[in-house]
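So the structure is just underneath, and the comments pick up after that.
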């Protein structure tokens with residue numbers, strides 16, 4: 007049946023409006039990734055890992071920290087009083103919701119270092135068999151989370167010398183050669199914001215660290231000159247996703263009010279071609295402030 011001129015014009019206008027709406031939607035989403043990472047394990051009052059993954063605002067949760075290793079004896083896990091029993095089931099629950107789980111090594115203590123290349127290789131092997139996809143059967147390595155495995159390892163090297171973290175990263179990445187169509191070992195780093203962070207510089211130079219969470223907080227200089235430092239990080243590692251590390255607590259130096267996040271930070275960081283998303287420190291503070299609820303809208 008033929009369409010009259012008046013009706014045809016109306017249909018054309020509706021089609022044009024719909025087309026413009028599609029383009030507007032794409033424009034609004036330019037620069038957005040929807041990726042929000044949170045650190046979990048720093049306060050027992052933050053609730054379980056499962057609860058964090060059920061919050062609906064995170065795409066990756068980082069268990070923190072494995073904070074004893076290398077030159078300080080048997081690797082040790084500190085989850086701030088969280089019972090380790092049950093974490094394995096929570097990891098599987100998170101992964102069933104397409105939320106990745108990483109294990110962060112290092113932290114704010116002083117009981118870790120890599121005094122030699124062998125120490126780095128030994129730690130990589132331990133992580134593979136104890137926490138990653140390697141089977142502990144026949145190796146004598148105990149798996150704290152049972153048969154659950156984390157998706158990656160985060161380097162939160164805040165103390166000590168920078169030596170041999172490049173050896174660690176390369177060794178961990180080498181395990182991926184055994185697999186096709188998936189990457190059982192992913193790597194991230196969470197450096198201080200002043201570029202470069204010498205403690206992770208060698209590890210980042212390997213090119214296998216695909217996520218970098220820049221801590222734009224905890225430092226008065228960075229609070230004032232965060233944009234300058236952000237641009238250095240994004241320029242230095244164009245092949246890695248660079249994440250904006252923000253605190254969820256107003257008590258932390260570098261806290262950005264949600265309004266300032268939207269009008270002042272987001273328009274800047276999303277210009278970078280390798281902008282990855284937002285990293286929230288930490289789950290306990292975020293549970294109290296719901297900061298990620300704002301961040302997820304613009305990440």
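Numbering (this note's numbering), first residue to last: 7 to 305.
Ideal Cβ positions, reconstructed from N, Cα and C, are used throughout, including at glycine.
Predicted model only: the values in this text are computed from it and were never measured.
For residue 273, the secondary structure class from DSSP, reduced to helix, strand or coil, is helix.
Excluding five sequence positions before and after residue 117, the CB atoms of its chain that fall closer than 7 Å to its own CB belong to 73, 74, 78, given in chain order. Counting only runs that start and end inside the stretch 86-119, the beta strand (DSSP E) elements of at least 3 residues fall at 106-113. For a cut-off of 8 Å, the C-beta gap from residue 106 to residue 158 is around 7 Å, short enough to register as a contact. Two segments are said to touch when three or more pairs of C-beta atoms, one from each, lie closer than 8 Å; by this definition the stretch 231-242 touches the stretch 182-201.
For the beta strand (DSSP E) assignment, the uninterrupted runs of no fewer than 3 residues enclosed by the stretch 42-90 are, from N- to C-terminal side, 42-46, 66-76. For residue 160, the enclosing beta strand (DSSP E) begins and ends at 158-163.
Contact between the stretch 221-233 and the stretch 248-259 is present, with at least three C-beta pairs closer than 8 Å. Within the model, the alpha-carbon separation for residue 232 versus residue 209 is close to 23 Å. When the alpha-carbon of residue 169 is set against those of 125, 264, 149, 253, the nearest one is in 125. In the structure shown, residue 264 adopts helical secondary structure according to DSSP, grouped into three states. Going by C-alpha positions, residue 89 is about 17 Å away from residue 67.
Looking at the DSSP output, residue 218 sits in a beta bridge with 195, 248. Distance check between residue 113 and each of 85, 71, 121 places 71 closest, using alpha-carbon atoms only.
Using a Cβ distance threshold of 8 Å, residue 147 and residue 175 do not count as a contacting pair. For residue 282, the three-state secondary structure derived from DSSP is strand.
Non-local beta-carbon contacts of residue 108 in its own chain, meaning distances under 8 Å to residues more than five positions away in sequence, involve 66, 67, 68, 69, 156, 157, 158, 159, 160, 192, 194 in chain order.
Residues 73 of the same chain have their beta carbon placed closer than 6 Å to that of residue 115, with the five preceding and five following residues left out of the count.
With contacts defined by Cβ atoms closer than 8 Å, residue 302 and residue 280 do not form a contacting pair. Around the Cβ of residue 45, a 10 Å sphere holds 16 or more other Cβ atoms; the residue is buried. If the five residues before and after residue 182 are omitted, its C-beta is found closer than 8 Å to the C-beta atoms of 189, 190, 191, all from its own chain and listed in chain order. Here residue 49 has 86, 290 as same chain residues with Cβ atoms under 6 Å from its own Cβ, once five neighbours each way along the sequence are excluded.
Taking the Cα of residue 287 as reference, the smallest distance to any Cα among 39, 58, 40 is reached at 58. Annotated as distal: residue 252 and residue 272, with beta-carbon spacing of 8 Å or more. Here residue 167 is near residue 119, since their CB atoms are less than 8 Å apart.
By the neighbour-count criterion, in which a residue is buried when 16 or more other Cβ atoms sit within 10 angstroms of its Cβ, residue 103 is exposed. When C-alpha distances from residue 263 are compared across 234, 229, 243, the shortest belongs to 229. Contact between residue 37 and residue 276 holds: their C-beta atoms lie close to 3 Å from each other, under 8 Å. In chain order, 177 place their CB closer than 6 Å to the CB of residue 127, counting only its own chain and leaving out the 5 sequence neighbours on each side.
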